[in-house]
Structure formats: C-alpha cells, structure tokens
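Shown next, in structure tokens, is the structure this report addresses.
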Amino acid sequence: MGEILVMGPNGSGKTTLLKRLLQLVTSKSISPFDPIELSEPTDEMISITLRTKRSTFVVKELGGSSITDFTDKASTATGIVYVFDGADFVMTATNIVWLQKVLESDLLENRHLLILLSKCDVPGAITFDVINEMIDLNNLTYPDHVSFATTSAVNGVNVT
C-alpha cells in the first residue's frame, strides 16, 4: 500500500480532484455531466483510501494553514502531488512560494513529485511556461523526481 500526499493552497481543486478520483474508482467512469458536490476548504489533513484492481493507496489531502507542516506530513508518503490552481491569478504568488518550498525540500531526494496544474479548462489559465519563467523548472535539484500534468476535475481532463 502506498501513501500519497496531495497538497496546495485553499481553492486549488484538491478536494474536487479527489472526489472525482473516488468516483472513477467506484463507478469506473466519469463524465463532465456528472454532478460535483461542492467542497468546503480543507483546513487540516484528511485521508481517503483509493482501491484499484492492482493497488491500494492512502491519499492524504493537506490544505489551508496545515500546508506549513508539509515536510512532517510527507514523511511517510511515497509520492507528493502539488495542485497548482491555474485559474486563480490572485493565488499565483502563493502557489509559486509553496511550490518552490516543495521543490527545494530534501523530501524529493527519495520521493516523486507531480505538479498538477488544475483548472486547465478555464480560458486564459496559467501554463507551465509561465510557471517556468518564475521558478526555472529546468534547474531542479532532482529533475528525475518531478513530473508535470494539467487537469480539470470538473470535465475529467487527465483525471483517468
């Protein structure tokens, strides 16, 4: 059984993404027409278990003020997902600061990080080119431990 830490600022889409993943695991499909339950901001850490045919994962969602404790919370995780809200330009600076802290942490020495650019379906959403201009993703300490993807939990892009 693996453990994955999903983190990011409030409103980045962590809870919605996890709800869609749960829906996919239980019903084997998702559609943009499926209803999406509104979420309350995650202010602590919550855990869910995702069971697939091949694996079981404990997924811990870390948000709100708890994000400051990410190094402690990630100590037992085998992987980290940083959800970067591509549609909230007001939170871009906060996203960059926290993402930079994760990228500079020693956690990546033996863990994989997925930077997930959420809400990619929103017109004008931030792209990885913009993030790269701010952080310079080409000079990462552990480049083989970092992956990138875009997603929209609302319409199901890259959730499957």
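Here this note's numbering is used: the first residue of the sequence shown is -12, the next is one more, and so on.
Every residue, glycine too, gets a C-beta built ideally from N, C-alpha and C.
Values in this document were obtained by computation on a predicted structure and should not be read as measured data.
Ends of the beta strand (DSSP E) at residue i?
i	result
Met(-6)	-11 to -6
Lys60	It is not in any beta strand (DSSP E) - Lys60 instead sits in the alpha helix (DSSP H) that spans 57 to 60.
Glu48	43 to 49
Ser134	133 to 137
Leu148	Not covered by the structure: residue 148. The range shown for the chain is -12 to 147.
Compute the Euclidean distance between the alpha carbons of residue i and residue j, then round it to the nearest angstrom.
i	j	result
Gly(-2)	Ile113	15 Å
Leu104	Thr39	24 Å
Met121	Lys1	23 Å
Thr63	Leu127	23 Å
Arg41	Gly(-11)	12 Å
Gln10	Val70	19 Å
Asn119	Ile83	10 Å
How would you call residue i, buried or exposed, if buried means at least 16 neighbouring beta carbons within 10 angstroms?
i	result
Asp75	buried
Thr3	buried
Gln87	exposed
Taking 7 Å as the limit between beta carbons, can you name the residues of its chain near residue i, skipping five residues before and five after?
i	result
Cys107	Gly73, Thr137, Thr138, Ser139, Val144
Within 6 Å: the Cβ of residue i and any heavy atom of the ligand HEM?
i	result
Ile(-9)	Only the bare structure without any ligand can be found here, which leaves the ligand HEM out of the picture.
Q.
Please give the ranges of any beta strand (DSSP E) in the stretch 62 to 122, keeping only runs that are unbroken, at least 3 residues long and fully inside the region.
A. DSSP runs (the beta strand (DSSP E)) wholly in the stretch 62 to 122: 66 to 72, 99 to 105.
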